[in-house]
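Just so you know, we're using numbering that gives the first Met the number 0 here: the sequence shown kicks off at 0 and counts up by one.
Glycine included, each C-beta is placed from N, C-alpha and C at the ideal position.
This report refers to the structure that appears directly beneath it.
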Amino acid sequence: MIELIAIVLLGATARAMAEAGVRLAWARWVIHGAVLGVGSLSLGLGVLAFLTGEPRLAARASGAAIGLLLAWWPPYRRLWARWIAINPTSLLDALGLAAIQGTIGLFVGALLQPGTIPSLEVSKEQLLGQALAEVALALVLIGFPFSRHWQSAVDRLGLRWPSRRDLLGAVLFTAGMFGLSLLTGLLAGLLQPGVVARIEERMLPVTTEFGSPAWALALGILAGVGEELLFRGAVQPRYGLLLTALLFTVVHVQYELSIVTLGVFGLAILLGIERRRLGTSACIVTHALYDAIAVLLQNALR
């Protein structure tokens with residue numbers, strides 16, 4: 000819980016400083032110094048860890064450093080601006096891209112060391128705290144309450160009361176996600192049975208903790224609200240479908256680098272398409288249905 004609060008506070012501080020940096024030279028220099036300093040220290044730590052025989056730390060630190068520092072290079076941002084809705088000269092957009100790429104690099108480093116990935120043990124209180132933290136982070140990252148009022152934030156996140164068309168679309172997208180998940184699960188079971196066994200072992204605490212229908216639904220709703228507001232609501236409109244899908248995929252480290260991970264990436268792509276077609280509210284419904292049904296099925300088949 001402390002880590003989640005720290006992440007939200009860090010995000011709020013970074014957003015406030017970036018907005019101040021639009022007007023104040025000293026704030027811009029502070030941000031430049033912080034990004035370059037953290038990136039350089041991470042790169043140095045990665046090199047040192049590699050030389051001292053710590054591959055796990057080396058991969059994480061180096062990945063985070065490369066993602067962070069690349070995003071701070073103006074020609075690189077101009078290249079990205081051809082495909083995503085960022086302004087390559089914007090301090091806010093540069094900081095957001097650096098945070099996203101640094102996070103991706105950090106988690107890719109973790110995925111490269113699958114033997115070190117722990118079991119996914121989440122209590123009911125932790126799940127609630129995580130969802131609240133994700134909602135708070137989504138709000139501060141889009142500028143609420145610094146430069147957006149509440150209604151502007153709701154509109155920016157793509158929230159609206161779902162229509163019948165939205166609900167029908169959400170059900171159809173849920174069915175599509177299960178079809179994709181079934182396909183990748185079967186392929187993984189045939190080609191990577193050892194990986195599948197490790198994933199099932201890691202997920203066992205979650206399926207046990209939330210095995211009843213009521214708690215499975217609660218898990219689906221909390222995960223759906225938190226993750227969809229953050230990824231599809233806050234991140235995707237600015238940084239694009241593919242980068243958001245990649246970020247969503249790598250933070251789910253429990254699936255390792257596997258065929259299952261490709262399936263998660265496919266699910267993220269489907270949710271991203273749904274965000275474009277139907278809005279974030281429909282994505283929340285789809286995510287909630289998918290997670291709740293998946294947990295119940297895993298318990299029934301165990």
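Asked	Found
Cα separation between residue 152 and residue 248?	25 Å
In whole angstroms, what separates the C-alpha of residue 105 from that of residue 58?	8 Å
Would the beta-carbon of residue 262 fall within 8 Å of that of residue 243?	no
Nearest to residue 232 by CA position, among 142, 214, 293, is which residue?	142
Do residue 101 and residue 237 have their CB atoms nearer than 8 Å?	no
Do residue 137 and residue 3 count as a contact pair if the criterion is CB distance below 8 Å?	no
Could you check the C-alpha separation between residue 72 and residue 162 for me, to the nearest Å?	43 Å
Roughly how many whole angstroms lie between the Cα atoms of residue 176 and residue 29?	44 Å
For residue 298, which of helix, strand or coil comes out of DSSP?	helix
Can you check which of these residues, 122, 165, 150, 174, is closest to residue 210 by C-alpha distance?	122
Tell me whether residue 147 sits in a helix, a strand or coil according to DSSP, three-state version.	coil
State yes or no: is the C-beta of residue 38 within less than 8 Å of the C-beta of residue 64?	yes
Given a threshold of 16 other Cβ atoms within 10 Å of its Cβ, counted over all protein chains shown, does residue 224 qualify as buried or as exposed?	buried
Which class does residue 141 belong to by DSSP, given the choice of helix, strand or coil?	coil
Among 246, 218, 183, which one has its Cα closest to the Cα of residue 288?	218
Looking at C-alpha atoms only, which residue of 230, 258, 207 is the closest neighbour of residue 294?	207
Could you tell me the distance, in whole angstroms, from the CA atom of residue 198 to the CA atom of residue 191?	11 Å
Just confirm the distance between the C-beta atoms of residue 183 and residue 292, as a whole number of angstroms; I'd bet it's less than 8 Å.	Residue 183 to residue 292, Cβ: 17 Å. No contact.
Determine the closest residue to residue 85 out of 234, 269, 250, 284, with distance taken between C-alpha atoms.	234
Does DSSP put residue 68 in a helix, a strand or coil?	helix
Which residue from 296, 55, 196, 214 puts its Cα closest to that of residue 302?	The structure shown has nothing for residue 302, since the chain only spans 0 to 301.
With the cut-off set at 8 Å, would you say residue 145 and residue 285 are in Cβ contact?	no
Am I right that residue 69 and residue 75 are in contact with their C-beta atoms under 8 Å? What's the rounded C-beta distance?	5 Å
Provide the residue span of the alpha helix (DSSP H) that contains residue 41, from first to last.	24-50
Per DSSP, what kind of secondary structure is residue 161 in: helix, strand or coil?	coil
Taking 8 Å as the cut-off, decide whether the C-beta atoms of residue 279 and residue 228 are in contact.	yes
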